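Numbering (full-length UniProt numbering), first residue to last: 1 to 237. For every residue, glycine included, the Cβ atom is placed at its ideal position computed from N, Cα and C. Just so you know, these numbers come straight off a predicted model, no measurement behind them.
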Amino acid sequence: MEQNSTGSILVLIPYLLIGIIAGIINAVNAWIKLEEKYLYYIFFQPLTTFLFWGWLLIQIYVPAQIYWWILTGIFPKKPDINPIFIITVVIYGISFQSLLEYIEEQALAPRNLSIIVNWVDNLLEYYLKATQLAKTSDFWKSLEEEMKEIKKENLLSGLEYLEDYYFDGKYNRLNKDQYQGFQNKLTEIKQENDISLQSKKLVKTLLKGKIPRRHLPNVLRQFKLSPKFINKYFKQS
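Spelled out as C-alpha cells, the structure:
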C-alpha cells in the first residue's frame with residue numbers, strides 16, 4: 001500500500017514542477033510590470049524589501065495552484081507530458097494575468113484568488129507610499145533645483161543624449177509612437193527659453209517615472225550635474 005502511495009506521488013512530481021515553472025514565468029512578467037509601474041520610486045530596491053518576496057511568492061503560487069486545480073478537476077486521467085503539453089503550460093504562464101479573470105468567470109478556479117493577488121498588490125503599493133514617497137519627492141524637487149543651476153549648453157547636451165542615444169536605443173526600435181512622443185517633448189523643452197521652466201518640464205516629462213534607477217545616474221551625468229549631488233543619492237552607481 002505504501003509503495004503504491006509513494007509511486008503515485010512520484011508520478012505527480014513532474015506535473016507539480018511544470019506548474020511551478022508556469023508560476024515562475026508569471027512572476028517574472030509581474031516583476032517586469034512592477035518595475036515599470038513604480039519607476040517613480042527610484043529608491044525602491046525590490047530584492048532588499050521583505051514584502052516584495054511575499055508578493056513574488058504569491059505571483060508564483062496562484063498560477064501554479066490554478067494549474068493544479070484545472071489539471072485535477074478537468075482531466076480524469078493525467079495528460080502525457082510531451083512538448084505540446086509543456087508549451088501549453090508555458091503559454092499559460094506567460095498570459096496568466098490576462099487569463100485570470102476569464103478562469104474565474106468560467107469557474108475553473110475560486111474567485112477569491114484574484115482577491116489575493118490584488119490584496120498583495122495594494123499592500124505593496126501602500127508600503128511604498130508609506131516608506132518611499134517623502135524621500136522620493138524630495139529627490140525630484142532637489143533635482144529640479146539642481147537642473148536650474150547648470151549651464152545652457154550642458155542642458156542641451158543632456159537633451160541630445162536622451163534623444164540620440166537613450167530614448168532611441170530604448171524605444172525607437174520597439175515602440176515608434178512612444179519614441180515620437182518623447183521626441184515631441186524634447187523639442188518642446190529645447191524651444192523653451194526660461195531654464196527654470198526647461199528644468200521643470202525635463203524632470204516632470206522625461207525623467208520622473210520614465211527612467212529606471214539603474215540608468216538614472218548615467219543620464220544625470222550627461223547634464224554635467226555635480227558629482228556631489230549624484231553621489232548623495234546614488235552612492236554605489
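Start and end residues, alpha helix (DSSP H) containing residue i
i    : result
T131 : N112 to M147
E192 : Taken as a continuous stretch (DSSP letters only), E192 belongs to no alpha helix (DSSP H), as it is neither H nor E.
Y233 : P227 to Y233
Y161 : K152 to Y161
Under the three-state DSSP convention, the category residue i falls into
i    : result
D177 : helix
I81  : coil
T49  : coil
V90  : helix
P212 : coil
P14  : helix
Own chain partners of residue i with C-beta closer than 7 angstroms, once the 5 adjacent residues on each side are dropped
i    : result
Q3   : Residue placement at Q3 is poorly supported in this model, since its pLDDT is 49, which falls under 50; the coordinates are not used for a value here.
I116 : I58 and V62
F44  : Y38, L128 and Q132
Own chain partners of residue i with C-beta closer than 8 angstroms, once the 5 adjacent residues on each side are dropped
i           : result
K141        : none
residue 246 : Any question about residue 246 goes unanswered here, given that the chain covers just 1 to 237.
H215        : Y166
L99         : Y92
Contact set for residue i: own chain, Cβ-Cβ below 6 angstroms, skip 5 residues either direction
i    : result
S237 : Bear in mind that the predicted position of S237 carries a pLDDT of just 49, short of 50, making it too unreliable to give a figure here.
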